[in-house]
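As given, the protein sequences belong to chains A and B, one line each in that order. FYI, the numbering for the first sequence is 2 to 274, going by our numbering. FYI, the numbering for the second sequence is 108 to 318, going by our numbering.
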Amino acid sequence: MPISLCGSRMLGAVCLGFAVTAPVPALAQAGDPLAVGRQMLAEDNPGELWLERGKALFHEKRGPRNASLEECDFGMGPGRLEGAAARLPRYFADTDKVQDLETRLITCMVRLQGFKEADLVRTAISPSGSSGSDIEALALYITSRSNGMKVDVALSHQKERDAYKAGEYLFFRRSGQTDFSCAQCHGEAGKRIRLQDLLHMTDKKGAQEVASTWPAYRGAHYVVRTMQWRLYDCFWQMRLPDLVYGSDVSIALTTYLNHQGNGAVIRVPGFKR
Amino acid sequence: MNSYGLKWAALCAGALIAAGCATYPDTATTRQIGEKMVGAGFSSPPSLLKRLEQDRSQQICSKIAGEKLTQQEAAEVVKLARDSIQYPASGRLVGNWRIGDKLAHNGAGDRIQRGKLEKQKENGGLCQNCHALAPDEINVGNVGPSLTGYGAQRGNSEAIAKLTYERIYNAWAYMPCSNMPRLGANRHLTPEQITHLVAYLIDPQSPINKK
Numbered sequence: 002m003p004i005s006l007c008g009s010r011m012l013g014a015v016c017l018g019f020a021v022t023a024p025v026p027a028l029a030q031a032g033d034p035l036a037v038g039r040q041m042l043a044e045d046n047p048g049e050l051w052l053e054r055g056k057a058l059f060h061e062k063r064g065p066r067n068a069s070l071e072e073c074d075f076g077m078g079p080g081r082l083e084g085a086a087a088r089l090p091r092y093f094a095d096t097d098k099v100q101d102l103e104t105r106l107i108t109c110m111v112r113l114q115g116f117k118e119a120d121l122v123r124t125a126i127s128p129s130g131s132s133g134s135d136i137e138a139l140a141l142y143i144t145s146r147s148n149g150m151k152v153d154v155a156l157s158h159q160k161e162r163d164a165y166k167a168g169e170y171l172f173f174r175r176s177g178q179t180d181f182s183c184a185q186c187h188g189e190a191g192k193r194i195r196l197q198d199l200l201h202m203t204d205k206k207g208a209q210e211v212a213s214t215w216p217a218y219r220g221a222h223y224v225v226r227t228m229q230w231r232l233y234d235c236f237w238q239m240r241l242p243d244l245v246y247g248s249d250v251s252i253a254l255t256t257y258l259n260h261q262g263n264g265a266v267i268r269v270p271g272f273k274r
Numbered sequence: 108m109n110s111y112g113l114k115w116a117a118l119c120a121g122a123l124i125a126a127g128c129a130t131y132p133d134t135a136t137t138r139q140i141g142e143k144m145v146g147a148g149f150s151s152p153p154s155l156l157k158r159l160e161q162d163r164s165q166q167i168c169s170k171i172a173g174e175k176l177t178q179q180e181a182a183e184v185v186k187l188a189r190d191s192i193q194y195p196a197s198g199r200l201v202g203n204w205r206i207g208d209k210l211a212h213n214g215a216g217d218r219i220q221r222g223k224l225e226k227q228k229e230n231g232g233l234c235q236n237c238h239a240l241a242p243d244e245i246n247v248g249n250v251g252p253s254l255t256g257y258g259a260q261r262g263n264s265e266a267i268a269k270l271t272y273e274r275i276y277n278a279w280a281y282m283p284c285s286n287m288p289r290l291g292a293n294r295h296l297t298p299e300q301i302t303h304l305v306a307y308l309i310d311p312q313s314p315i316n317k318k
């Protein structure tokens, strides 16, 4: 559904000057009585504000080296963003690692701009109600440059295959005092935690929803959230220890889910409750 | 090896990242890679990192999609579960349904954020997250079966009280590898807390059993 942000109800006088395809998440499949309200919110996605900020941050000369991110290679060549996020995570020879969008972004912010990795990681996930982190805005902007394109995580490198299989293993690995793996909540169709619909991620459609809607504006937090946040928050709710931002566990799970979600058309910012 | 095979072998040996040469790791290798990731992927204090270690039952119950639990494995999980069950010191399995009602609607306790354990007087029972409870409640999950009318359907005999207590203490004693956390065996709830949940489920006065 194409909407113009000019004159939209929530943004008031703010005019971002471009039209987007509004993501309309699959809501209410489990009969959630709040779905209508969420749908209305999703049609006025405030995440668009982060997108503009991310674009400015990408081109601005910043950091100790006073450099922009325009030379950052997300897998399609330096500075080429079209379709790059759709193919992540993927293997990068210069780091000899499989990286997702966020870890690749950090590599560039460290190598090109001279930021300290530890500082970036510490501030990557912003507090609720804040104006958000640079990484959140940048991740959204870079992903948006794949809007309308299909997720295509190819698994052509051995390390990508290893990450994929490890991600599958981890998705079903039960531990902790709740005995949960991802599959306890996300392994069946039509399930909810209280009123919150749970995506059925072992099903193609559910995995496609995961692979194509992050970063997303999270209504309850008033900020844009990324896939790294989503995973961290799940482990928190499962009563497991703090997931390290950018850890191989997070990359493996994202590789597994995004590959399962191949073919989904990317539409960010997503909108989550 | 025929010439075609030789050619491929040469290509693969020559180009480490060549598409088409990558293979999926086998089960044992996958497990090794995955466990190494778990070992490096979390940052809480060591006392809390222990939660990531799997016990025997969790290992058995971590089948990836499509893999079936064998009869032998199911029997082992049931036996371990049965052996884990401890009863309250008082010997009374039915507590106070009003306390149980509050516990059933409490989803907090024992979460870890930035290395710190969530401060709570006691852990919540988490029931509302996954189960339908009293008939007029909307804000309930459906990952587990509905508990509406649990006692009205089963009565509140001693046998039902014991079965209910055991199923909350360690659900895998009856349903090996089900989605339900082993709330008592994992020390998420105390035996006394479980007796209150039993009362909430089977007491005729409990909202769960009202029409």
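We put the beta carbon where it would ideally sit given N, CA and C, even for glycine.
Below 8 Å between beta carbons: does that hold for residue i and residue j?
i: A259/B; j: N316/B; result: yes
i: I143/A; j: A85/A; result: yes
i: A265/A; j: Q209/A; result: yes
i: N213/B; j: L296/B; result: no
i: S164/B; j: V184/B; result: yes
i: I301/B; j: I275/B; result: yes
i: Y1/A; j: V111/A; result: For residue 1/A there is no data in the structure shown, the boundaries of chain A being 2 and 274.
i: F116/A; j: G55/A; result: no
i: D234/A; j: I219/B; result: no
i: D310/B; j: N236/B; result: no
i: A78/B; j: Q159/A; result: Past the boundaries of the shown model lies residue 78/B; chain B is included only from 108 to 318, so the question cannot be answered.
i: L200/A; j: G207/A; result: yes
i: S191/B; j: A292/B; result: yes
i: A212/A; j: N148/A; result: no
i: Y131/B; j: K166/A; result: yes
i: H222/A; j: S129/A; result: yes
Could you say which of the options lies nearest to residue i if we only look at CA atoms?
i: R231/A; options: L241/A, S251/A, Y223/A and P242/A; result: S251/A
i: K226/B; options: D217/B, C234/B, L233/B and G232/B; result: D217/B
i: G168/A; options: T302/B, L240/B, A172/B and D162/B; result: A172/B
i: S176/A; options: R205/B, A129/B and R158/B; result: R158/B
i: L254/A; options: A239/B, R261/B and G141/B; result: G141/B
i: T137/B; options: T203/A, Q261/A and R162/A; result: R162/A
i: V250/B; options: E118/A, G188/A, S131/A and Q159/A; result: G188/A
i: H303/B; options: N293/B, R261/B and R205/B; result: R205/B
i: L224/B; options: G148/B, K143/B and S154/B; result: S154/B
i: A68/A; options: F75/A, D74/A and H60/A; result: H60/A
i: D153/A; options: M77/A, L106/A and L70/A; result: M77/A
i: L210/B; options: R221/B, S197/B, G222/B and K228/B; result: K228/B
i: G222/B; options: T134/B, A135/B, L156/B and S313/B; result: L156/B
i: K318/B; options: L176/B, A215/B, E244/B and A188/B; result: E244/B
i: F75/A; options: R105/A, E53/A and T214/A; result: R105/A
i: G198/B; options: L290/B, Q161/B, P152/B and E265/B; result: E265/B
Within its chain, find whatever has a CB closer than 6 Å to the CB of residue i; leave out the 5 residues flanking it on each side and keep chain order.
i: A31/A; result: Bear in mind that the predicted position of A31/A carries a pLDDT of just 49, short of 50, making it too unreliable to give a figure here.
i: P283/B; result: A181, V184 and V185
i: V21/A; result: Below a pLDDT of 50, predicted positions are generally treated as unreliable, and V21/A, at 39, falls in that range; the measurement from the model is reported next regardless. Result list for V21/A: empty, nothing under 6 Å.
i: L113/B; result: Reliability fails at L113/B, whose pLDDT of 47 lies under 50, so the model's placement of it is uncertain and no value is given.
i: L89/A; result: D101 and L102
i: C109/A; result: L70 and C73
i: Y92/A; result: V99, H158, K160 and E161
i: Q261/A; result: A208
i: S313/B; result: W204 and Y307
i: R174/A; result: S182
i: P79/A; result: E72
Bridge partners for residue i per DSSP, in chain order?
i: F59/A; result: In DSSP, F59/A forms no bridge with anything.
i: I219/B; result: L224/B
i: D74/A; result: P79/A
i: G271/A; result: A217/A
Under 8 Å Cβ to Cβ from residue i, same chain only, skipping five residues before and after it: list those, please.
i: G48/A; result: L141, P216, A217, Y218, V225, V269, P270, G271 and F272
i: K276/A; result: Summary: the structure shown does not reach residue 276/A, with chain A confined to residues 2 through 274, and so no result is reported for it.
i: L254/B; result: C234, H238, A239, L240, L308 and I315
i: V305/B; result: L200, V201, G202, G207, A268, T271, Y272 and I275
i: Q178/A; result: R240
i: Y194/B; result: L200, Y272 and P298
Go through its chain and collect everything with a Cβ distance to residue i's Cβ below 7 Å, but skip five positions before and after it.
i: G133/A; result: W51, S127, V224 and V225
i: L58/A; result: D135, A138 and L139
Problem - Interface residues of the stretch 169-181 of chain A facing chain B [CB-CB below 9 Å] - result: Listed by position, the residues of the stretch 169-181 of chain A near chain B (Cβ gap below 9 Å) are E169, Y170, L171, F172, F173, R174, R175, S176, G177, Q178, T179, D180 and F181.
Problem - chain B contacts from the stretch 245-261 of chain A (Cβ-Cβ distance under 8 Å) - result: V245, S248, D249, V250, S251 and A253
Problem - Residues of the stretch 233-261 of chain B with Cβ closer than 8 Å to any Cβ of chain A, in chain order - result: L233, Q235, N236, C237, I245, N246, V247, G248, N249 and V250
Exercise for the section: Name, going along the chain, the residues of the stretch 184-211 of chain A whose beta-carbon falls closer than 9 Å to a beta-carbon of chain B. Expected result: A184, Q185, C186, G188, E189, G191, K192, R193, I194, R195, L196, Q197, L199 and T203
Practice task
Select from the stretch 216-233 of chain A all residues with a C-beta closer than 8 Å to any C-beta belonging to chain B, and list them in chain order.
Solution key: none
Exercise for the section: Compile a chain-ordered list of the residues in the stretch 268-295 of chain B whose CB is closer than 7 Å to at least one CB of chain A. Expected result: N286, P288, R289, N293, R294 and H295
Problem - Near-chain A residues of the stretch 165-189 of chain B - C-beta to any C-beta below 7 Å - result: Q165, C168, S169, K170, I171 and A172
Handout entry: Where the stretch 215-227 of chain B meets chain A: residues whose CB sits under 7 Å from a CB there
Key = D217, R218, I219, Q220, R221 and G222
Exercise for the section: Please list the residues of the stretch 129-147 of chain B that have a C-beta atom closer than 7 Å to any C-beta atom in chain A, keeping them in chain order. Expected result: A129, T130, Y131, P132, T137, R138, I140, G141, M144, V145 and A147
Exercise for the section: Identify each residue in the stretch 52-80 of chain A for which the Cβ-Cβ distance to at least one residue of chain B is less than 8 Å, and report them in chain order. Expected result: none
Problem - Members of the stretch 151-166 of chain A near chain B, C-beta cut-off 9 Å - result: A155, L156, S157, H158, Q159, K160, E161, R162, D163, A164, Y165 and K166
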